[in-house]
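Input: a single structure, listed below in structure tokens.
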Amino acid sequence: MDTVLIPVPAVFSFQECLWFLNRNYDDCLHRIEGNTLTKAIKTPYGNTVFQIRERGSFLEITVLEGESGRETREYLAAFVTEWFDMDRSIQPFYDLLNQDARLAYMTDAFGGLRLVGIGDLFEAICWCIIGQQINLSFAYKLKRRLVEEYGECIEFDNHAYHIFPSAEVLANADIVGMRAMQFSEKKAEYIIGIANAFISGAISENIITALPDFGSQQKALVSHKGIGIWTANYALMKSLRVPNAIPHGDVGLLNALSGHGIIADRTEKERIDAFFSGFAGWESYLTFYLWRSLSAKELS
DNA sequence: ATCCAGGGGTCAC
DNA sequence: GTGACCCATGGA
Numbered sequence: 002m003d004t005v006l007i008p009v010p011a012v013f014s015f016q017e018c019l020w021f022l023n024r025n026y027d028d029c030l031h032r033i034e035g036n037t038l039t040k041a042i043k044t045p046y047g048n049t050v051f052q053i054r055e056r057g058s059f060l061e062i063t064v065l066e067g068e069s070g071r072e073t074r075e076y077l078a079a080f081v082t083e084w085f086d087m088d089r090s091i092q093p094f095y096d097l098l099n100q101d102a103r104l105a106y107m108t109d110a111f112g113g114l115r116l117v118g119i120g121d122l123f124e125a126i127c128w129c130i131i132g133q134q135i136n137l138s139f140a141y142k143l144k145r146r147l148v149e150e151y152g153e154c155i156e157f158d159n160h161a162y163h164i165f166p167s168a169e170v171l172a173n174a175d176i177v178g179m180r181a182m183q184f185s186e187k188k189a190e191y192i193i194g195i196a197n198a199f200i201s202g203a204i205s206e207n208i209i210t211a212l213p214d215f216g217s218q219q220k221a222l223v224s225h226k227g228i229g230i231w232t233a234n235y236a237l238m239k240s241l242r243v244p245n246a247i248p249h250g251d252v253g254l255l256n257a258l259s260g261h262g263i264i265a266d267r268t269e270k271e272r273i274d275a276f277f278s279g280f281a282g283w284e285s286y287l288t289f290y291l292w293r294s295l296s297a298k299e300l301s
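This is the structure in structure tokens:
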């Protein structure tokens, strides 16, 4: 069989991760049917469509389309492990949540939720730029239009599986065409500019991860047009898994903080800093769980 | 109609 | 370094 198994770590819930991926939005980069998650990615061995299911105390990955040799399967296992942050022990984070009466409910309500990532730094930055200052529903529409126009697509079993376009392709994207997709002129410029920065080697995952500390990683990203402090922190959190990246100014984060009675209004920066200082090393997870709490309210 | 969305650049001071 | 202004469009 073209499958590989990943042992599930402690404090892990595939259902919670699935729920996050399937919340209220139309994400064009994966498909969920029942308890099965299907996605296409580019691997060093070719494009692949694979599905993930829970099988006992394992996640089972099955290659549906494309090369499925041992190296591909190992690549996919590493991809999924990274995607769902399965190598991290999050019990220390839960211990901190349990010490805060306002947040302790999360360890049950969202138990086992992992910080679902965006594997590729370029994709993460593009997604940030797309999502800047517009509502998420519209952001997902823009992403779908961009991906359907410029990304590769694999058909399997009457479904189209899309792969986020490469920097090489987006560097040559048509700014007029992107305007027609309802990108603003600036967003189109930013994405094309970032794509060129990746092609030239001005940005790469290796360059950023090689930097000595979080601050210099932020600086390296913010120096590019279209990347502000929010985008830098979001991308570092979701892609390179920097544990202490707080997307300062994030509207959803501020709403969640006020919803939990942690701040009274959006200007209380000192109070926010003081609050996060109690979660040192887990700021990214705390942010992710606070975002999760926003969706919980929408559903109730 | 008005305000706000998982912001960022630019420019004045 | 801070604050006002603009960008663009959908949804409430």
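Residues in the first sequence are numbered consecutively from 2, following the working numbering.
C-beta: ideal position from N, C-alpha, C; glycine also.
Every value quoted in this text rests on a predicted model; they were computed, and no experiment measured them.
Under the 8 Å Cβ criterion, the stretch 240-256 counts as touching the stretch 112-127, having at least three qualifying pairs. Residue environment analysis places I208 among the exposed positions, since fewer than 16 neighbouring C-beta atoms fall within 10 angstroms of its C-beta. Excluding residues up to 5 positions away in sequence, A105, T108 lie with their Cβ nearer than 7 Å to the Cβ of N99 in the same chain.
The three-state secondary structure of R272, taken from DSSP, is helix.
Inclusion of G152 and F165 in the CB contact set at 8 Å is warranted, their separation being smaller than that value.
In the DSSP secondary-structure assignment, R32 is bridged to T39. With a threshold of 16 other beta carbon atoms within 10 Å, E156 falls short and is exposed. Rounded to the nearest whole angstrom, the CA to CA distance from T210 to K43 is 22 Å. In this structure, L97 sits near W283, with a CB-CB distance shorter than 8 Å. Under the three-state reduction of DSSP output, E186 falls in the helix class.
Per DSSP, the unbroken beta strand (DSSP E) holding L65 starts and ends at 59-66. Judged by their CB atoms, H225 and I204 are nearer to each other than the 8 Å cut-off.
Between the alpha carbons of T73 and V5 lies a distance of about 10 Å. By the 16-neighbour rule on beta-carbons within 10 angstroms, S294 is buried. V177 carries a helical assignment under DSSP once its states are collapsed to helix, strand and coil. Residue environment for E124: buried (at least 16 other C-beta atoms within 10 angstroms of its C-beta).
Around the beta carbon of T288, a 10 Å sphere encloses 16 or more other beta carbons of the protein chains shown; the residue is thus reported as buried. Between the beta-carbon of A181 and that of A297 there is about 37 Å, and that puts the pair past the 8 Å contact cut. Take I62, set aside five residues on each side of it, and the residues of its chain with a beta-carbon closer than 8 Å to its own are T4, V5, L6, I7, F51, Q52, I53, R74, L77, A78, V81, in chain order. Straight-line spacing of the CA atoms in G112 and M87 works out to 14 Å. Contact between I126 and A246 is ruled out by a C-beta separation of about 13 Å, above the 8 Å threshold. By the CB criterion at 8 Å, C29 and K144 fall inside the cutoff.
Under DSSP, H249 takes part in no beta bridge, so it has no partner. Residue pairing for R56: DSSP places it in a beta bridge opposite F59. A125 sits in a helix when the DSSP states are folded into three classes. The secondary-structure analysis by DSSP pairs G47 across a beta bridge with T44. Between Y26 and Y141, the gap from beta carbon to beta carbon is short of 8 Å. DSSP lists E156 as the beta-bridge partner residues of A161. Taken atom to atom, the span from the alpha-carbon of N197 to that of E190 is near 11 Å. For P8, the uninterrupted beta strand (DSSP E) run begins and ends at 4-8, by DSSP. Closest by C-alpha distance to S138, out of A172, N23, D158, G70, is N23.
When the Cα atoms are used, I176 and I192 turn out to be separated by approximately 10 Å.
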